[in-house]
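Visitor:
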Amino acid sequence: MLRKLQILLYTQAKVIISYVYDVGNYLRYNGDSLLVPKKERLYYRIIVDAHSIEKGLSLKDRRPGFGQEKIKRLMNEVSSYDTSLGAFPLEMAVGALRAYVDLHPPGEPEQPFVEKVRQFVERFNGLDGVALTGGVQSAVLPIGGPALTLLEGLQCRRSIRYFDEQLIDRTTLLELVRLAQGAPSQCNRQATRVYFYQGRHQIDQILALQGGARGFSQSISNLAIVTSDTRAWRGSNQRNQIYVDGALFLMHFLLAAEALRLVGCPLNLAVDSRVERQIRDVGRIRAGERLIACVALGPMAGTAIRFARSPRRPIDEVVSFVTEE
Numbered sequence: 016m017l018r019k020l021q022i023l024l025y026t027q028a029k030v031i032i033s034y035v036y037d038v039g040n041y042l043r044y045n046g047d048s049l050l051v052p053k054k055e056r057l058y059y060r061i062i063v064d065a066h067s068i069e070k071g072l073s074l075k076d077r078r079p080g081f082g083q084e085k086i087k088r089l090m091n092e093v094s095s096y097d098t099s100l101g102a103f104p105l106e107m108a109v110g111a112l113r114a115y116v117d118l119h120p121p122g123e124p125e126q127p128f129v130e131k132v133r134q135f136v137e138r139f140n141g142l143d144g145v146a147l148t149g150g151v152q153s154a155v156l157p158i159g160g161p162a163l164t165l166l167e168g169l170q171c172r173r174s175i176r177y178f179d180e181q182l183i184d185r186t187t188l189l190e191l192v193r194l195a196q197g198a199p200s201q202c203n204r205q206a207t208r209v210y211f212y213q214g215r216h217q218i219d220q221i222l223a224l225q226g227g228a229r230g231f232s233q234s235i236s237n238l239a240i241v242t243s244d245t246r247a248w249r250g251s252n253q254r255n256q257i258y259v260d261g262a263l264f265l266m267h268f269l270l271a272a273e274a275l276r277l278v279g280c281p282l283n284l285a286v287d288s289r290v291e292r293q294i295r296d297v298g299r300i301r302a303g304e305r306l307i308a309c310v311a312l313g314p315m316a317g318t319a320i321r322f323a324r325s326p327r328r329p330i331d332e333v334v335s336f337v338t339e340e
């Protein structure tokens with residue numbers, strides 16, 4: 016009995032030590048840390064703020080003059096950015112700002128502000144080696160028809176915020192989850208769960224806590240929350256696998272929705288512990304399950320849509336070929 020207690024205490028102590036390591040590592044390298052060079056912090060801040068503008072531009076019912084404070088901050092960030100880390104954040108941000116100008120015709124009340132943005136964008140026109148890739152794009156997408164192949168789904172998956180407000184039938188939702196269950200799972204634990212919500216009041220409560228669906232939340236009539244069960248994991252070495260497994264399932268879930276001709280938009284659940292508990296209470300999610308993401312789902316409203324361009328980083332910034340010494 017004493018031996019078992021010693022082993023239990025030892026394994027739990029390793030968990031605590033590993034989480035202390037995680038906390039120290041995050042404090043040292045997170046995007047607010049003063050120990051991280053400013054140019055490295057700006058790289059990701061610019062991308063996030065530029066994408067926020069892209070999302071606003073992609074809404075079905077965009078609000079004229081939206082995001083002025085965020086745009087002012089983005090222009091300041093771009094002005095301070097050192098392109099020695101790569102031009103991608105600048106290209107994405109200026110492209111998004113150019114699209115913002117293009118979508119505000121002359122004569123609107125917001126024109127004085129838009130003119131300042133236009134003058135800022137003009138500073139980068141014709142800059143050697145800089146392609147303004149950010150912004151939005153329009154497309155006419157097919158509704159119905161045969162399911163997409165895997166390659167088609169990988170190539171055309173987009174986060175789309177144009178939803179038909181009709182409810183998705185349960186047979187389709189169950190098929191969606193069945194397809195997503197093809198995701199790899201460590202030792203086949205399959206610890207991921209999905210909660211579906213189709214009640215207006217409950218969806219509104221969850222999205223108010225989530226905070227990332229402003230401007231299109233009222234069109235969301237089908238909401239999913241993907242979770243992963245902490246009980247499936249043991250020991251310090253598995254402490255982060257709950258999120259790896261959950262994210263793999265989430266990606267399969269989104270691709271399955273694409274294959275079934277549904278449109279979906281993942282909504283992050285980067286919330287503090289207090290809000291996580293509130294979402295769990297409202298959503299009636301079992302204690303011990305960690306929240307991975309919300310997903311807004313639905314048939315697409317019409318065929319002609321706009322969506323965030325969301326350009327991808329140059330592949331040479333992403334890939335490293337490590338040679339043997």
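Oh and the sequence shown: position 48 is 63 in our numbering, straight run, nothing missing.
Even for Gly, the Cβ is constructed at its ideal location relative to N, Cα and C.
Quick check for students: name the residue ranges of the alpha helix (DSSP H) that lie wholly in the segment 208-254, counting only runs of 4 or more.
Guide: Listed in chain order, the complete alpha helix (DSSP H) runs (minimum 4 residues) inside the segment 208-254 are 215-225.
Visitor: Would you grab the beta carbon distance between V132 and L112 for me? Rounded to a whole angstrom, and I think it's under 8 Å.
Guide: Contact holds; Cβ gap of about 5 Å.
Visitor: As an exercise, report each continuous alpha helix (DSSP H) stretch of at least 4 residues that is fully enclosed by the segment 256-288, in chain order.
Guide: Entirely contained in the segment 256-288, the alpha helix (DSSP H) runs reaching 4 residues are, in chain order, 256-274.
Visitor: Using three-state DSSP, classify G313 as helix, strand or coil.
Guide: G313: strand per DSSP, three-state reduction.
Visitor: Between the Cα of G28 and those of S236, R254 and A198, spot the shortest distance and give me the residue it belongs to.
Guide: According to the sequence shown, residue 28 is Ala rather than Gly. The residue with the shortest Cα to Cα distance from A28 is R254.
Visitor: With DSSP run on the structure shown, which of helix, strand or coil describes I300?
Guide: The answer is coil: DSSP assigns I300 none of H, G, I, E or B.
Visitor: What does the alpha-carbon distance come out to for the pair A308 and F103?
Guide: Approximately 27 Å, taken between the alpha carbons.
Visitor: Helix, strand or coil for I320 per DSSP?
Guide: The answer is strand: DSSP assigns I320 an E or B state.
Visitor: How long is the line joining the alpha carbons of S325 and L72, rounded to whole angstroms?
Guide: Using only the alpha carbons, I get a separation of about 12 Å.
Visitor: So, do the segment 89-100 and the segment 58-67 have three or more beta carbon pairs nearer to each other than 8 Å?
Guide: Yes: the two stretches touch, three or more of their Cβ pairs being nearer than 8 Å.
Visitor: Does the separation of the CB atoms of V93 and A108 fall below 8 Å?
Guide: In this structure, A108 lies closer than 8 Å to V93 by Cβ.
Visitor: Whose CA, out of D76, T148, R77 and P329, lies closest to the CA of G110?
Guide: Closest option to G110, Cα to Cα, is T148.
Visitor: Going by the DSSP bridge assignment, what does L306 pair with across the sheet?
Guide: In the DSSP output, where bridge partners are listed per residue, L306 has T242.
Visitor: Cβ-heavy atom distance between A154 and the ligand ATP below 7 Å?
Guide: Questions concerning the ligand ATP fall outside what the structure shown contains, since it holds no ligand whatsoever.
Visitor: With a threshold of 7 Å on Cβ separation, who are the neighbours of D260 within its own chain once the five nearest residues in sequence on each side are excluded?
Guide: Correct list, in chain order: S200, Q201, R204, A206, T207 and S243.
Visitor: Please work out which residues of its chain come closer than 8 Å, Cβ to Cβ, to S67, disregarding the five sequence neighbours upstream and downstream, and give them in chain order.
Guide: Excluding residues within five positions, the ones whose Cβ falls inside 8 Å are G82 and K85.
Visitor: Out of E273, K75, G226 and N237, which one is the CA nearest neighbour of Q170?
Guide: The shortest C-alpha separation from Q170 is found at E273.
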